[in-house]
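*Asks:*
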Amino acid sequence: MGLQVGQVSGMDRIPTVPAQTAADFARDGAVVLRALFTDHVEALRDGIARNMAVPGPHAAENTVAGEAGRFFDDYVNWSRIPEFEAAARDASVAGAAAALMGADTVQLFHDHVLVKEPGTARPTPWHQDGPYYFVGGRQTVSFWVPLDPVRDATLRLVAGSHLWEKPVLPTRWLSEQAFFTGDYLPVPDPDAEGMRVLEWEMEPGDAVAFSFDTVHGARGNTATGRRRAFSLRYVGDDARYVERPGPTSPPFPGHGHAPGDRLREDWFPIVWRTT
-17 MGLQVGQVSG MDRIPTVPAQ TAADFARDGA VVLRALFTDH VEALRDGIAR
33 NMAVPGPHAA ENTVAGEAGR FFDDYVNWSR IPEFEAAARD ASVAGAAAAL
83 MGADTVQLFH DHVLVKEPGT ARPTPWHQDG PYYFVGGRQT VSFWVPLDPV
133 RDATLRLVAG SHLWEKPVLP TRWLSEQAFF TGDYLPVPDP DAEGMRVLEW
183 EMEPGDAVAF SFDTVHGARG NTATGRRRAF SLRYVGDDAR YVERPGPTSP
233 PFPGHGHAPG DRLREDWFPI VWRTT
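Residue numbers for the sequence shown follow this note's numbering, beginning at -17 and rising by one.
1) On the CB-based measure, 16 or more other CB atoms within 10 Å of its CB, does P157 come out buried or exposed?
2) Which of the three DSSP states is assigned to E43 in this structure?
3) Just to confirm the assignment, what range does the alpha helix (DSSP H) spanning G29 have?
4) Closer than 7 Å by C-beta to A85: which residues in its own chain qualify, once you throw out the five before and the five after it? Chain order, please.
5) Express the C-alpha separation of H237 and G187 in angstroms, rounding to a whole number.
6) What distance in whole Å lies between the Cβ atoms of W60 and E49, which are believed to be in contact at a cut-off of 8 Å?
7) Which whole-angstrom value describes the C-beta separation of G77 and W249, a residue pair presumed to lie in contact below a C-beta threshold of 8 Å?
8) If we count the other Cβ atoms within 10 Å of its Cβ and call it buried at 16 or more, is K98 buried or exposed?
9) Checking 7 Å against the spacing of the C-beta atoms, do A189 and V127 come in under that value?
10) Could you pull the start and end residues of the alpha helix (DSSP H) that S74 belongs to?
11) Please tell me whether A78 has its Cβ less than 7 Å away from any Cβ of chain D.
12) Around the C-beta of A191, are 16 or more other C-beta atoms found within 10 angstroms, so that it is buried, or is it exposed?
13) Around the C-beta of P149, are 16 or more other C-beta atoms found within 10 angstroms, so that it is buried, or is it exposed?
14) In the DSSP assignment, find the unbroken alpha helix (DSSP H) run with Q2 in it and report its ends.
15) Who pairs with P128 in a beta bridge, going by DSSP?
16) When the Cα of A240 is compared with those of H109, A80, R222, D28, which residue comes out closest?
17) Assign P113 to buried or exposed, taking buried as 16 or more other Cβ atoms, counted over all protein chains shown, within 10 Å of its Cβ.
18) So, S124 versus S231, is the Cβ gap smaller than 7 Å?
19) In three-state DSSP terms, what is R(-5)?
20) From P39 to R9, what distance separates their C-alpha atoms?
21) Assuming R52 and T102 form a contact by the criterion Cβ under 8 Å, report the distance between their Cβ atoms to the nearest whole angstrom.
22) In whole angstroms, what separates the C-alpha of H109 from that of M177?
23) Alpha carbon to alpha carbon, what distance is there between N33 and D56?
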């Protein structure tokens, strides 16, 4: 799907999402937007290199002893890595988020870096992001942006899973132990169960946009090149703080929210407002 140039909030040349793309997003919970982040690719590569050289407190290595390759991830670094913040505040990106969510305001929730070095067999397990987070609402969107060409190691998403009646059990990626207890669906095996799985071959700067509640995963990276991916997570007008049975991921300690609160704007800045 392409983007079109229009006007929003009096700003010239802000890409807007075609109505059919927004309808596909509402139905399937995921769409691909070509070249949305093209202007940020080189800067984001630099930012990821700095992130990996000096990881944040949430950084993780998602391989075990004896496994080939390296699967690194880290999140909530936008306030210390200016290339991440620049992408998050780009009006083209935030405007696309607003159009997909059908929201008048867009708040940045957090950023996420995922790097699979060549020969990393470990997949990203099937999961929904929403159950790990302390925010709930229908107006949510993540952008998953490869900074290298991706073929088999692209993101894979289960069409329509954002509309399931119950959330999927959140688990810890390495141990596969439950993150919380509660009334959850078991982690699915979409290929074995014949679910409709969306996936796209992508070039650097393309973006998959998907709901926090869309089930997704990715294969390992068996190619000879790296697979660097950068994600941004946004919420819209209806997003509210939700208590979970235990610490969330990201944890955001000391946030001070009560159930039903909108997210505080000093920690989660508004990056788009339609007037």
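The C-beta atom is built at its ideal place from N, Cα and C for all residues, glycine as well.
*Replies:* This is what the structure holds:
1) Translated into the one-based positions of the sequence shown, residue 157 becomes position 175. First, the amino acid is wrong: residue 157 is Ser here, not Pro. Answer is exposed; the Cβ neighbour count stays below 16.
2) What you label residue 43 is simply residue 61 of the sequence shown in a count that begins at 1. Strand at E43.
3) Counting from 1 along the sequence shown, the entry for residue 29 is found at position 47. Annotation for G29: the continuous alpha helix (DSSP H) segment containing it runs 23 to 35.
4) For the purposes of this step, residue 85 is taken as the residue at position 103 of the sequence shown. So the list reads Q121, G218, D219, once near-sequence residues are dropped.
5) The count along the sequence shown starts at 1 and reaches residue 187 at position 205. The count along the sequence shown starts at 1 and reaches residue 237 at position 255. Distance between the alpha carbons of G187 and H237: 33 Å.
6) Residue mapping note: residue 49 aligns to position 67 of the sequence shown, counting from 1. Residue mapping note: residue 60 aligns to position 78 of the sequence shown, counting from 1. That belief does not hold up - the Cβ atoms of E49 and W60 are roughly 30 Å apart, past 8 Å.
7) Working through the sequence shown from its first residue, we reach residue 77 at position 95. Working through the sequence shown from its first residue, we reach residue 249 at position 267. 22 Å between Cβ atoms; not a contact.
8) Numbered from its first residue, the sequence shown carries residue 98 at position 116. Burial call: buried.
9) Here residue 189 corresponds to residue number 207 of the sequence shown, with the count starting at 1. Here residue 127 corresponds to residue number 145 of the sequence shown, with the count starting at 1. Going by C-beta atoms, A189 is nearer than 7 Å to V127.
10) The residue given as residue 74 occupies position 92 in the sequence shown. Bounds of the alpha helix (DSSP H) holding S74 are 73 to 83.
11) Absent from the structure is chain D; it holds one protein chain and no more.
12) Your numbering for residue 191 matches position 209 in the sequence shown. A191 comes out buried.
13) Here the question's residue 149 lines up with position 167 in the sequence shown. By the 16-neighbour rule on beta-carbons within 10 angstroms, P149 is buried.
14) Within the sequence shown, numbered from 1, the residue matching residue 2 stands at position 20. Per DSSP, Q2 belongs to the alpha helix (DSSP H) from 1 to 10.
15) Here residue 128 is taken as the residue at index 146 of the sequence shown, counted from 1. Answer is A211.
16) Reading the sequence shown from its first residue, position 258 is the one you call residue 240. Answer by Cα proximity: R222.
17) Position 131 of the sequence shown, counted from the first residue, corresponds to residue 113. Taking all protein chains shown into account, P113 has 16 or more neighbouring C-beta atoms within 10 Å of its C-beta and is therefore buried.
18) Within the sequence shown, numbered from 1, the residue matching residue 124 stands at position 142. Within the sequence shown, numbered from 1, the residue matching residue 231 stands at position 249. No, these two residues do not count as a Cβ contact at 7 Å.
19) By one-based count along the sequence shown, residue -5 stands at place 13. Because the pLDDT at R(-5) is just 42, under 50, the model does not fix this residue reliably, and the point stays unresolved.
20) In the sequence shown, the residue the question calls residue 39 occupies position 57. In the sequence shown, the residue the question calls residue 9 occupies position 27. If I take the Cα positions, the gap works out to 36 Å.
21) Residue numbering aside, residue 52 sits at position 70 when the sequence shown is read from its first letter. Residue numbering aside, residue 102 sits at position 120 when the sequence shown is read from its first letter. With a Cβ gap of about 6 Å, R52 and T102 count as contacting.
22) Position 127 of the sequence shown, counted from the start, is the residue given in the question as residue 109. Position 195 of the sequence shown, counted from the start, is the residue given in the question as residue 177. Each residue's Cα considered, the two are about 14 Å apart.
23) For the purposes of this step, residue 56 is taken as the residue at position 74 of the sequence shown. For the purposes of this step, residue 33 is taken as the residue at position 51 of the sequence shown. Spanning the two alpha carbons is a distance of roughly 8 Å.
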